[in-house]
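Count along the sequence shown starting at 1, add 30, and that's the number in my numbering.
For reference, the structure is listed below as structure tokens.
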Amino acid sequence: MTRAAEIIDDLTRTPGDDPAGAWRLISDGVMGGLSGGTLRHETVQRRPALRMRGRVRLENNGGFVQFARDLAPDGSAVDASGWDGIALTICGNGARYNLHLRTTALSRPWQSYRASFTAPEAWVTLRLAFADFAPHRTDRPFDPARLRRIGIVAIGAAFDADVALADLRFYRG
Numbered sequence: 031m032t033r034a035a036e037i038i039d040d041l042t043r044t045p046g047d048d049p050a051g052a053w054r055l056i057s058d059g060v061m062g063g064l065s066g067g068t069l070r071h072e073t074v075q076r077r078p079a080l081r082m083r084g085r086v087r088l089e090n091n092g093g094f095v096q097f098a099r100d101l102a103p104d105g106s107a108v109d110a111s112g113w114d115g116i117a118l119t120i121c122g123n124g125a126r127y128n129l130h131l132r133t134t135a136l137s138r139p140w141q142s143y144r145a146s147f148t149a150p151e152a153w154v155t156l157r158l159a160f161a162d163f164a165p166h167r168t169d170r171p172f173d174p175a176r177l178r179r180i181g182i183v184a185i186g187a188a189f190d191a192d193v194a195l196a197d198l199r200f201y202r203g
């Protein structure tokens, strides 16, 4: 990948003007759960951001709300093998969230590679190394050369989610 390709999303594009596709809100309602939320472009603490607010509920085998996007316009893979991980500039309500990665090797919607982080109340840039992502419901090893989709997820406990993203990029070193 070229240096310019290190940016996944810096929230400078206007909604609908993203060649890889828009961020989408997805909840456990797709499988009968009751969690829900909103996803909006807003200014958060003087920064342009994408903000997800919602309520994670555990009834009906539910338990997540997320915002996610495909990395390539046609849903194909992006080769991130030249990078060490993903850096995200984030703030929130102090709760624990996950970053979920999907590759072209995964075929089921519940499969992913996951890393957890806390979204503090003030903006911070976190680095999540590819080596720290754990496989979830798959025995396939994570291959950054086949990266397809990324999601920021409130999951696993009943709580009010409030998380904002100002920048997302690959990092090296």
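Glycine included, C-beta positions come from ideal geometry on N, C-alpha and C.
So for residue 172, helix, strand or coil by DSSP?
Translated into positions along the sequence shown, residue 172 becomes position 142. If DSSP states are grouped into helix, strand and coil, residue 172 belongs with coil.
Would you tell me roughly how many angstroms separate the C-alpha atoms of residue 66 and residue 54, rounded to the nearest one?
Taking the first residue of the sequence shown as position 1, residue 66 is located at position 36. Taking the first residue of the sequence shown as position 1, residue 54 is located at position 24. When rounded, the distance between both Cα atoms is 13 Å.
For residue 123, tell me which candidate among 151, 136, 70 has the shortest Cα-Cα distance.
Translated into positions along the sequence shown, residue 123 becomes position 93. Ranking the options by Cα distance to residue 123, first place goes to 151.
Under a three-way DSSP split, which group does residue 125 fall into?
In the sequence shown, the residue the question calls residue 125 occupies position 95. It is coil, neither helix nor strand.
Extent of the continuous beta strand (DSSP E) to which residue 75 belongs
Taking the first residue of the sequence shown as 1, we reach residue 75 at position 45. Counting along the chain, residue 75 falls outside any beta strand (DSSP E), and DSSP gives it neither H nor E.
Please name the residue in 38, 203, 187 whose C-alpha comes closest to that of residue 102.
The residue labelled residue 102 in the question sits at position 72 within the sequence shown. Measuring from the Cα of residue 102, the nearest candidate turns out to be 38.
For residue 191, which three-state DSSP category applies?
For the purposes of this step, residue 191 is taken as residue 161 along the sequence shown, with counting starting at 1. In the structure shown, residue 191 sits in a strand (DSSP, three-state: E or B).
Is the distance from the Cβ of residue 149 to the Cβ of residue 193 below 8 Å?
Taking the first residue of the sequence shown as 1, we reach residue 149 at position 119. Taking the first residue of the sequence shown as 1, we reach residue 193 at position 163. Their beta carbons are under 8 Å apart, which means residue 149 touches residue 193 by this criterion.
When you compare the CB positions of residue 147 and residue 160, do they come within less than 8 Å of one another, or not?
Stepping through the sequence shown from its first residue, residue 147 is reached at position 117. Stepping through the sequence shown from its first residue, residue 160 is reached at position 130. Not a contact, by the Cβ cut-off of 8 Å.
Checking the sheet assignment: what are the DSSP bridge partners for residue 155?
On the sequence shown, residue 155 is found 125 positions in, with the first residue counted as 1. The partner list for residue 155 (beta bridge, DSSP) reads 119.
Starting from the C-beta of residue 145, find all residues in its chain whose C-beta is less than 6 Å away, skip the five residues before and the five after it, and write them out in chain order.
As a working note, residue 145 is residue 115 in the sequence shown. Closer than 6 Å at Cβ, skipping near neighbours: 129, 158, 162, 163.
Work out the CA separation of residue 90 and residue 203 for me, nearest whole Å.
Working through the sequence shown from its first residue, we reach residue 203 at position 173. Working through the sequence shown from its first residue, we reach residue 90 at position 60. Their Cα atoms are separated by approximately 43 Å.
Please report the straight-line C-alpha distance between residue 85 and residue 40, rounded to a whole angstrom.
Residue numbering aside, residue 85 sits at position 55 when the sequence shown is read from its first letter. Residue numbering aside, residue 40 sits at position 10 when the sequence shown is read from its first letter. Each residue's Cα considered, the two are about 26 Å apart.
Whether residue 180 touches residue 98 by CB criterion (8 Å)
By 1-based counting over the sequence shown, the position of residue 180 is 150. By 1-based counting over the sequence shown, the position of residue 98 is 68. Yes, Cβ-Cβ distance for residue 180 and residue 98 is below 8 Å.
Top-ranked residue by Cα proximity to residue 58, from 74, 72, 75, 88:
Taking the first residue of the sequence shown as 1, we reach residue 58 at position 28. The residue with the shortest Cα to Cα distance from residue 58 is 88.
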